[in-house]
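Undergrad: Here's a structure for you.
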Amino acid sequence: MKEASQTLHKTIRITGQGDSKQKAVGNALAQIHKKISADSNQLAVRIIPEDIRIVSAIVETFKEHFLFFFFPRIRKKYQVTLDVTVNVMSLDLAALDFTEQKVSSPDKVLLSKVKSLARGGK
Numbered sequence: 001m002k003e004a005s006q007t008l009h010k011t012i013r014i015t016g017q018g019d020s021k022q023k024a025v026g027n028a029l030a031q032i033h034k035k036i037s038a039d040s041n042q043l044a045v046r047i048i049p050e051d052i053r054i055v056s057a058i059v060e061t062f063k064e065h066f067l068f069f070f071f072p073r074i075r076k077k078y079q080v081t082l083d084v085t086v087n088v089m090s091l092d093l094a095a096l097d098f099t100e101q102k103v104s105s106p107d108k109v110l111l112s113k114v115k116s117l118a119r120g121g122k
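If you use the UniProt record's numbering, the sequence shown corresponds to residues 1 to 122, in order.
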């Protein structure tokens, strides 16, 4: 059997945004698995972030009013772009050798069991 797992290092760029700093960074980090899965046809088994570099961190501030005049408040929207170096252990599904087994249909009804159940047996 061939070696089906492999380990590689990748640097990916991810972005996230949210109402707070924590939500923006958390949203960005949640995209790591999606980005790695989209880049390759292998199954990512383990993803370990090794290094995180901040490319940009932007805060958009704006004032909004209720009914154009009432209750002014200042809202902030955070956006962060990160370069993350990850160590990915992946499983190559093309290298797996499956053996085929023929089984009977699960919809098949055994008449002997039906007869014994009809008589009150277990």
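Just so you know, even glycine gets a beta-carbon here, dropped at the ideal spot from N, CA and C.
Taking all protein chains shown into account, do 16 or more other C-beta atoms lie within 10 angstroms of the C-beta of GLN42, making it buried, or fewer, making it exposed?
TA: Residue mapping note: residue 42 aligns to position 42 of the sequence shown, counting from 1. Buried: at least 16 other Cβ atoms inside 10 Å.
Undergrad: Where does ALA38 fall in DSSP's three states?
TA: As a first step, residue 38 must be located in the sequence shown, where it is residue number 38. Of the three classes helix, strand and coil, the one that applies to ALA38 here is helix, per DSSP.
Undergrad: State buried or exposed for ILE54, treating a residue as buried only when at least 16 other CB atoms are found within 10 Å of its CB.
TA: For this step, residue 54 is matched to residue 54 along the sequence shown. Result: exposed.
Undergrad: Got a sec, what are the start and stop residues for the beta strand (DSSP E) LYS102 sits in?
TA: Taking the sequence shown and counting its residues from 1, one reaches residue 102 at position 102. Segment: none, LYS102 is in no beta strand (DSSP E) and carries neither H nor E.
Undergrad: Can you give me the Cβ contacts of ALA28 inside the same chain, cut-off strictly under 7 angstroms, excluding the 5 residues immediately before and after it?
TA: The count along the sequence shown starts at 1 and reaches residue 28 at position 28. Result list for ALA28: ILE14, THR15, GLY16, VAL80, LEU82, in chain order.
Undergrad: Output needed for LYS77: all residues of its chain with C-beta closer than 6 angstroms, excluding positions within five of it in sequence on either side, in chain order.
TA: The count along the sequence shown starts at 1 and reaches residue 77 at position 77. Result list for LYS77: GLU60, in chain order.
Undergrad: Applying the criterion that 16 or more other CB atoms from any shown protein chain within 10 Å of the CB defines a buried residue, is ALA38 buried or exposed?
TA: Locating residue 38 in the sequence shown gives position 38, counting from the first residue. With fewer than 16 other Cβ atoms within 10 Å, it is exposed.
Undergrad: The ligand MG and MET89: does the residue's C-beta get closer than 8 angstroms to at least one heavy atom of that ligand?
TA: This structure does not include the ligand MG; it has no bound ligands of any sort.
Undergrad: From the DSSP output, in three-state form, read off GLY18 for me.
TA: On the sequence shown, position 18 is the one that residue 18 refers to. Three-state DSSP puts GLY18 in a strand.
Undergrad: For ALA118, name the three-state secondary structure that DSSP assigns.
TA: Counting from one through the sequence shown, the residue named residue 118 turns up at place 118. Helix.
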